[in-house]
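Student:
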Ligand code: KG4
Ligand code: ZN
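Residue numbers (the numbering used here): 2 to 340.
1. So residue 291 and residue 241 are in contact, right, with Cβ under 8 Å, and what is the actual spacing, rounded?
2. Nearest to residue 158 by alpha carbon, out of 251, 57, 313?
3. Whole angstroms are fine: how far does the CA of residue 123 sit from the CA of residue 340?
4. So, helix, strand or coil for residue 19, using DSSP?
5. Please state if the CB of residue 322 and the CB of residue 83 are separated by a distance shorter than 8 Å.
6. Whole angstroms is fine: what's the gap from residue 167's alpha carbon to residue 101's?
7. Provide the residue span of the beta strand (DSSP E) that contains residue 28, from first to last.
8. Whole angstroms are fine: how far does the CA of residue 50 sit from the CA of residue 3?
9. For residue 325, count the other beta carbons within 10 Å of its own beta carbon; 16 or more makes it buried, fewer makes it exposed. Which is it?
10. Under 7 Å: does the beta carbon of residue 170 sit that close to some heavy atom of ligand 2?
11. Should residue 301 go down as buried or exposed, given a rule of 16 or more other Cβ atoms within 10 Å for buried?
12. Between which two residues does the beta strand (DSSP E) holding residue 270 run?
13. Residues in the same chain with beta-carbon distance under 6 Å from residue 209, minus the five sequence neighbours each way, listed in chain order, please.
14. Going by other Cβ atoms of all chains shown within 10 Å of its Cβ, with 16 needed for buried, is residue 262 buried or exposed?
15. Compare the C-beta of residue 66 against all C-beta atoms of chain C and say whether one is closer than 8 Å.
16. In whole angstroms, what is the alpha-carbon distance linking residue 269 and residue 12?
17. Whole beta strand (DSSP E) runs in the stretch 254 to 315 with 3 or more residues, listed along the chain?
18. For the structure I just gave you, are there three or more beta carbon pairs, one from the stretch 87 to 107 and one from the stretch 8 to 27, closer than 8 Å?
19. Can you tell me which of the three DSSP states residue 214 falls into?
20. With C-beta atoms as the reference, is residue 77 less than 8 Å away from residue 107?
21. Is it a yes or a no for the stretch 226 to 238 touching the stretch 273 to 280, going by three-plus beta-carbon pairs under 8 Å?
22. Along the chain, where does the alpha helix (DSSP H) that runs through residue 147 open and close?
23. Got a list of residues with beta-carbon closer than 5 Å to any non-hydrogen atom of ligand 2, in chain order?
24. Please list, in chain order, all residues of the same chain as residue 1 whose beta carbon is under 8 Å from its beta carbon, the five residues on each side excluded.
25. Residue 95 by DSSP, collapsed to three states: which one?
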């Protein structure tokens with residue numbers, strides 16, 4: 002039987018709808034970005050985000066259906082993100098998905114946004130199966146999660162303060178590079194100075210030996226460093242690339258340690274920061290040294306998208322699972338944590 006599922010994602014500032022068909026193939030993946038609406042505020046404004054979702058959701062779903070050439074009567078299920086994220090944003094996609102599933106009398110499946118990012122490399126790589134280690138790095142999260150052979154999620158490390166993407170965005174703001182900061186810092190870093198000539202920012206390490214992250218120290222170190230200097234092109238280049246060096250070092254070090262501890266031979270990298278060139282290359286190189294293989298998605302599946310939500314929903318649907326129609330939006334949902 003061909004299983005066709007519609008996925009909806011609206012947890013933050015992107016409204017997205019996607020259709021997955023036979024074998025999990027992506028038939029369409031439409032993303033409506035609100036970046037322009039939030040740029041002048043230097044970050045996402047929750048109230049503006051939810052109002053944009055309300056306007057965008059219907060046309061985006063229509064566009065996804067049309068591009069995939071699928072009729073509503075052919076849908077087997079509807080999946081939507083139910084957390085974590087902004088309450089007003091989550092509620093738009095969640096309510097839309099529930100209403101659609103109810104009206105078509107098909108299953109509704111609530112998906113954890115981080116679970117979507119975690120499995121996102123599988124959209125383009127068939128045959129990845131647990132056990133594996135996941136590193137999800139986005140604007141709101143920096144999580145190391147082990148997925149065992151029974152597909153249980155075991156949290157290994159997380160950030161204790163800022164997420165990696167949040168640090169990229171805040172440092173970019175200090176350097177006047179605009180919002181979001183990750184892509185700007187990434188491209189500037191490609192014209193960086195040789196290693197020996199770069200500034201070295203501190204790398205946070207937990208004194209209790211845990212694999213948790215902390216990115217607020219480096220953010221403050223950069224702000225202090227910049228306050229004492231003139232922000233000319235050469236300083237911006239140095240600070241941006243030295244900051245990226247430090248964040249990549251921290252992300253890769255803990256992830257590799259987690260792979261050694263869990264003996265994972267497969268590492269899945271997902272989330273907006275997974276689009277970072279240096280992170281991809283460094284993690285791949287270090288993983289190779291310990292005999293592990295890294296999978297990451299193409300940039301369009303790194304940042305928020307509904308295809309990854311549909312992917313997780315489709316797996317669940319094929320196992321005969323569904324969610325109740327009174328499923329609540331969970332702003333602080335945490336993968337692997339029991340409520
Ligand atoms: O996954 P995502 O689209 O949204 C959240 O779930 O948070 O991630 C957005 C984050 C932003 O902080 C953005 O600056 C960062 O991902 N990002 C990057 C790159 N592209 C996006 N960070 C570093 N390098 C990039 N190339
Ligand atoms: Zn995300």
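Note that beta-carbon positions come from the ideal geometry of N, C-alpha and C, so glycine has one too.
Tutor: According to the structure data:
1. Not confirmed; about 29 Å, so no contact.
2. Nearest option by C-alpha distance: 251.
3. Since pLDDT at residue 340 reaches only 42, below the 50 mark, its modelled position is unreliable, and the value read off the structure follows with that caveat. Between residue 340 and residue 123, the C-alpha separation is close to 27 Å.
4. Three-state DSSP puts residue 19 in a strand.
5. It is not a contact, given that the beta carbons lie outside the stated cut-off.
6. The C-alpha of residue 167 lies about 34 Å from the C-alpha of residue 101.
7. Its beta strand (DSSP E) spans residues 27 to 34.
8. If I take the Cα positions, the gap works out to 35 Å.
9. With fewer than 16 other Cβ atoms within 10 Å, it is exposed.
10. With a threshold of 7 Å, the Cβ atom of residue 170 does not count as near ligand 2, since no heavy atom of the ligand is closer than that.
11. When all chains shown are included, residue 301 counts as exposed.
12. Residue 270: member of the beta strand (DSSP E) spanning 267 to 271, first to last residue.
13. Cβ within range, chain order: n/a, list empty.
14. Under this definition residue 262 is an exposed residue.
15. The question asks about chain C, but that chain is absent: this structure has only one protein chain.
16. Cα to Cα, the separation comes out at about 22 Å.
17. The qualifying runs are 267 to 271, 294 to 296.
18. As far as the Cβ criterion goes, the stretch 87 to 107 touches the stretch 8 to 27, which means the pair count is three or higher.
19. In this structure, residue 214 counts as strand in the three-state DSSP scheme.
20. Less than 8 Å separates the beta-carbon of residue 77 from that of residue 107.
21. By the Cβ criterion, the stretch 226 to 238 is not in contact with the stretch 273 to 280, since fewer than three pairs of Cβ atoms, one from each stretch, lie closer than 8 Å.
22. In the DSSP assignment, residue 147 falls outside any alpha helix (DSSP H) and within the unbroken beta strand (DSSP E) covering 143 to 148.
23. Going down the chain, each residue whose beta-carbon is closer than 5 Å to a heavy atom of ligand 2 shows up: 139, 305.
24. Any property of residue 1 remains undetermined from this structure, which presents the chain solely from 2 to 340.
25. Correct three-state label for residue 95: helix.
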